[in-house]
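For reference, the structure discussed in these notes is given below.
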Amino acid sequence: MIEFLQQLINGLSLGAIYALIALGYTMVYGVLRFINFAHGDVFMIGAFAGLYLAPLIMKPFGGGPSWPGAFLVLLAAMAICAILGIVIEKLAYRPLRNRPRLTVLITAIGVSLFLENFGQYAFGVDPQSFPDLIGDHAIAIPASFGPLADLTIMVSQVLVFAVTLFLLIALRLIVTKTKLGTAMRALSVNPVATSLMGVNNDVVISFTFGLGSALAGAAGILISIQQPSIDPLMGLQPGIKAFVAAVLGGIGNIPGAALGGVLLGVIETLVVGYSDVLHIPSGYRDAVAFFLLILILLFRPAGLLGRVEREKV
Amino acid sequence: MRIASILPILAALALGAIPGLAQDQIKVGEFASLSGGSASFGQSSHNGTALAIDEINTGGGVLGKKLDLVTEDDRSVAGEPATIARKLISQDNVIAVLGEVASSKSLEAAPICQENHIPMISPASTNAKVTQVGDYIFRVCFIDPFQGKVMAKFALSKGWQKIALLKDVKQDYSMGLAQAFQDGFTGAGGSIVKVQEYSTGDKDFRAQLTSIKASHPDAIFVPGYYGEVALIARQARQLGIKAPLLGGDGWVGESLLKVAGHALDGSFFSNHYSQDDPSPVIQNFVKTYQAKYGEKPDAMAALGYDSAKILADAIARAGTTDEPKLRDAIAATKDFKGVTGDITLDADRNATKAAVILTIANGGFQFVQRVAP
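Just so you know, the sequences run in chain order A and B. The number in the numbering used here is simply the position in the first sequence, starting from 1, with 2 added. The number in the numbering used here is simply the position in the second sequence, starting from 1, with 174 added.
Written out as C-alpha cells, the structure reads:
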C-alpha cells in the first residue's frame, strides 16, 4: 500500500512536469491553431539560461540556495525565453503566416533542430549539473503518521505541482479576463475580423508566443531543480510527452493540458511500477504513452476536455 | 662525454631530415577523434599512443628502426575512418593501424584494414563485433560481457545475494552487460530480485526505483552511462534506498559526480585501469604521462599506450614488418605486461585481462581491487 502511494506521488510529480510544459504548447495552439514543435527546445534554452545566470543572480543572496534568488533566476529565464519566442515568431513563422499550415509546421521542426544543434555547439554535448537553487530536500513526515512517514516527497516536487496549478489559474484569468486575452480568443476565431475591429494581430500573436515561451522557460528552471542534469537535447523527450499530454486533454484547452499531463504521468509510472503484475516490461512505458495517444485520437479526436469543432468548408 | 651524448640525437635528426633514409623508419598509422563530439576520448588515447611511441624510440626503436606515428583526425565524423584507413594504407604505406576508441568508428576502418591485410589494433572499442570483422583486427581492451561477469563475481564476493537490475533498453552496451551480469550472478547461486528498464534520455526514475526498493535488494546493478546513472543515484537516495549501486566503464564521465553529489558514495564500478593502482608499472606510466601532458592519464590514455606497446612488442618478436608474420605475432601476444593489466589475446583477438574495480568516496574514484578473468 505504501509502495502504491509512493508510486502515485511519483506519478503526480512526473505528470506535473508534463503538464507544466504542455500548458505553453496548448496555449499557443489554442490561439494560433499551430503546434510549436520548438517548444521543448525553448524549454532547454530556459534551463541553460538558468545555468549561466544563476551564479550571477545568486551571488548577492550569499551564493547558496535561496528562495528569492531562485525566484529571480526563474524570472530572468522566463524573460529570455519570452524574447526568444517573440524573435522566433518574427523571423520564422510570421513570413509564413498566410501559407498553408503544413509549411509553418515543418518550419517549426526546423527551428527545433536549429535550437538543438545550436545548443550542442554552444553549450557542449555533455550533460551539465544544474545548481540547487532552493536547497532541495525531502519533506519530513512526522512519525505520528505511522507507515506514511516512509513516503518521500521532495520540496521541488511540491514546487512544480504548485507552480503548475498557479500558472493554470493565471493563464485562464489572462485568457478570459484581460483585454489582450479577449483579443487572443477573438483572433483564434477569425483573424481577419479582429484586424478589421482594430486589433493589432501582430502584437497579439507576439504576446502569445512570448507568454508560451516564458512558460517553457519557467518549466526549464523548475524541472532542472528537480532533475539537475541538463543537456542540449533535454527538450526532445519531454516536448513530445507534453504534446501527447496536450492532445490527451484536448489540445488548445488549458485545463485539459494539465489533466492530460497528470494522467499521462500517473499511467506511465504505474506501468513501470507494476510491470511484473501487468507483464509489460518497464521499457515499454513510452510505447504505452503513445498507444494511449492513438486510442484517444481514434475514439475522442478532440481530447478529454476538448470541444468537437466542425471544420467549415 | 657531452659530445658523445649529443651525437646520437644529431644523427637521429639528420636521418629524419633526409627523405632517402626514411626506410629506416617503421610507419605506424593512427586514427583518432582529435576534434568533435568524442574529442576527449580521442585526445586521451592519442596522447597515450604518442607517449608509448616516444618511449620506444628513446629506447632504440624496434629492429633497429624508429617508429614513425602517422596520426589522422577523423573529427568524430562517421565516414571519415574509412577514408583515413585507405589513405594510411595506400599513401603512407603504414605497416599497422592503431584506433579507435568508439566501436562504430573502428567498425568503419576494420574492413579496409582486413581487405589489405594490414593489422589493426583498437585501443578501446568494447563492442564484440569489432574483432569479428576478420583475423587482422585486434583490441587491447576487454569486451562488454566480461565486465558484467566481473561485477557478478565481485557482488558475490561481497556477500550480496539479492540484486536488482536497472538497465537501459536503448543501449546494446547496457543490455549486454546486464545479461552477462545476470548469467554470472544467478549461475553462481545469487538471485535477481527485480528487473527494471529505462531509456537513454530519461530523467525520472522514481517509478523504477520505488518498485526496486520494495524488493529489498542488497545492491542494484545499473550498467548505464554516466548521464542517467547520476540522476538514478540521486533519486535512489531521495527515496531512501541505501543499497550500493554497481556499474561498468560507462559510469566514467565528467558530470557523474557533479550531478550525483554524494549519492554514489560507497558504490562500485568496473573499469579498464585505475591511476591510483599501486602497481609500479602503472605508477611509472602515470608519472611520465603527467610530466609530458600535465594531467593524469585516464583509461583511454592507458589503452592507447598499451595498443602501441603491444604492436612494438609483436614487431620485435616477428623480427619483420612483413604483414602476415606481424599478424601472427600480434595474435600470439601472451601475458604482455601493459598498464591496463597482463594482456593475452584470445582466439577471437580480444584481450583477456583483469578488470579494475573502483569505488566512489570523497568526491573521487578510488581503487579497490583487480578481478582476474
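Ideal Cβ placement from N, Cα and C applies to all residues, glycine included.
Min CB distance residue i to chain A below 8 Å
i       : result
D378(B) : yes
I534(B) : no
G538(B) : no
L195(B) : With a pLDDT of only 44 at L195(B), under 50, the local geometry of the prediction cannot be trusted, and the value read off the model is given with reservation. False, the Cβ-Cβ gap to chain A never drops below 8 Å.
A497(B) : According to the sequence displayed, residue 497(B) carries Glu and not Ala. By this cut-off, E497(B) is not an interface position.
A388(B) : yes
L420(B) : no
N445(B) : no
E254(B) : no
Q345(B) : no
S209(B) : no
V433(B) : yes
L339(B) : no
S365(B) : no
T384(B) : yes
L351(B) : no
A224(B) : no
S429(B) : yes
S373(B) : yes
A213(B) : no
A381(B) : yes
Q370(B) : yes
Interface flag, residue i vs chain B, CB-CB below 8 Å
i       : result
A140(A) : yes
M80(A)  : no
E5(A)   : yes
A56(A)  : no
L235(A) : yes
L306(A) : no
L238(A) : yes
M29(A)  : no
V290(A) : no
Option in the options with minimal Cα separation from residue i
i       : options                               : result
F292(A) : G262(A), L307(A) and D278(A)          : G262(A)
A525(B) : A284(B), I200(B) and F320(B)          : F320(B)
I534(B) : W425(B), I504(B) and S209(B)          : W425(B)
P149(A) : L295(A), I298(A), Q8(A) and D204(A)   : Q8(A)
L300(A) : Y276(A), L250(A), T196(A) and A51(A)  : L250(A)
L213(A) : G32(A), D288(A) and V268(A)           : G32(A)
G42(A)  : R187(A), R35(A) and L25(A)            : L25(A)
S296(B) : G440(B), T495(B), L413(B) and G478(B) : G478(B)
V244(B) : D472(B), L262(B) and S209(B)          : L262(B)
H220(B) : V275(B), A404(B) and S264(B)          : V275(B)
inquiry  = Please list, in chain order, the residues of the region 7-26 of chain A that have any C-beta partner in chain B closer than 9 Å.
reply    = The region 7-26 of chain A vs chain B, Cβ under 9 Å: Q8, Q9, I11, N12, G13, S15, L16 and I19.
inquiry  = Restricting to runs no shorter than 4 residues, where is the alpha helix (DSSP H) found entirely within the region 92-173 of chain A?
reply    = Correct list: 103-125.
key: Start-end ranges of the alpha helix (DSSP H) lying completely within the region 203-278 of chain A, minimum 4 residues   = The region 203-278 of chain A contains these whole alpha helix (DSSP H) runs: 203-228, 238-251 and 256-275.
ask   = In the region 109-131 of chain A, which residues sit with their C-beta less than 7 Å from some C-beta in chain B, listed in chain order?
value = Cβ contacts with chain B: V127, D128, P129, Q130 and S131.
query = Quick one: complete alpha helix (DSSP H) runs, 4+ long, within the region 422-458 of chain B?
reply = Restricted to the region 422-458 of chain B, the alpha helix (DSSP H) segments that are unbroken, complete and at least 4 residues in length are 430-434, listed in chain order.
ask   = At a cut of 8 Å, does the region 337-347 of chain B reach the region 393-402 of chain B through at least three beta carbon pairs?
value = These segments touch.
query = If contact means a Cβ-Cβ distance below 9 Å, which residues of the region 259-288 of chain A contact chain B?
reply = Those would be G267, E270, T271, L272, V273, V274, G275, Y276, S277, D278, P283, S284, G285, Y286, R287 and D288, in chain order.
task = Scan the region 201-232 of chain A for residues whose Cβ lies nearer than 7 Å to a Cβ of chain B and list them as they occur along the chain.
result = Along the region 201-232 of chain A, the positions whose C-beta sits under 7 Å from a C-beta of chain B are Q229, P230 and S231, read in chain order.
message = So, does the region 216-231 of chain A touch the region 17-34 of chain A, judging by three or more C-beta pairs under 8 Å?
response = The region 216-231 of chain A vs the region 17-34 of chain A: in contact.
query = If you scan the region 343-431 of chain B from start to end, which runs of the beta strand (DSSP E) of 3 or more residues do you find wholly inside it?
reply = Listed in chain order, they are 365-372, 393-395 and 419-421.
Inside the region 186-266 of chain B only - alpha helix (DSSP H) runs reaching at least 4 residues = List check, alpha helix (DSSP H) in window: 213-232 and 254-264.
message = Residues of the region 146-169 of chain A in Cβ contact with chain B at a cutoff of 8 Å, in chain order, please.
response = Contacts with chain B (Cβ-Cβ distance below 8 Å) from the region 146-169 of chain A involve D152, T154 and M156, listed in chain order.
ask   = Going along the chain, which residues of the region 504-529 of chain B sit with their C-beta nearer than 8 Å to a C-beta in chain A?
value = Flagged: no residues at all.
ask   = Any chance the region 504-523 of chain B sits against the region 435-455 of chain B, with 3 or more Cβ pairs inside 8 Å?
value = At 8 Å Cβ cutoff, the stretches touch.
ask   = Using 8 Å as the threshold, is the region 196-206 of chain B in touch with the region 430-438 of chain B, meaning 3 or more CB pairs across them?
value = No, the region 196-206 of chain B is not in contact with the region 430-438 of chain B.
query = Fully enclosed by the region 473-509 of chain B, which alpha helix (DSSP H) runs are 4 residues long or longer?
reply = For the region 473-509 of chain B, the full-length alpha helix (DSSP H) segments reaching 4 residues or more read 473-492 and 497-505 along the chain.
request  = Indicate whether the contact test is met: 3 or more Cβ pairs, each with one atom in the region 96-109 of chain A and one in the region 124-137 of chain A, closer than 8 Å.
outcome  = With the rule of 3 Cβ pairs closer than 8 Å, the region 96-109 of chain A does not count as touching the region 124-137 of chain A.
request  = At 3 residues or longer, and completely inside the region 34-93 of chain A: list those beta strand (DSSP E) runs for me, N to C.
outcome  = If only complete runs of 3 or more residues are kept, the region 34-93 of chain A shows no beta strand (DSSP E) anywhere.
query = Between the region 300-314 of chain B and the region 231-239 of chain B, do at least 3 Cβ pairs fall closer than 8 Å?
reply = No contact exists between the region 300-314 of chain B and the region 231-239 of chain B.
inquiry  = Taking 8 Å as the cut-off, does the region 89-104 of chain A touch the region 199-217 of chain A (at least 3 CB pairs, one atom from each stretch)?
reply    = Touching, yes.
inquiry  = Under 8 Å, with one C-beta from each stretch per pair, do the region 75-88 of chain A and the region 217-225 of chain A reach the 3-pair mark?
reply    = Result yes; three or more Cβ-Cβ pairs closer than 8 Å.
Segment contact, 8 Å Cβ cut-off, at least three pairs: the region 272-284 of chain B with the region 204-224 of chain B = Between the region 272-284 of chain B and the region 204-224 of chain B, the count of C-beta pairs closer than 8 Å reaches three or more; the two stretches touch.
key: Within 9 Å of chain A by C-beta, residues of the region 397-417 of chain B in sequence order   = Closer than 9 Å at the C-beta level to chain A, one finds these residues of the region 397-417 of chain B: Y400, G401, E402, A404, L405, R408, Q409, Q412, L413 and G414.
task = Would you be able to state if there are at least three C-beta pairs under 8 Å between the region 312-329 of chain B and the region 358-366 of chain B?
result = Enough Cβ pairs lie closer than 8 Å, so yes.
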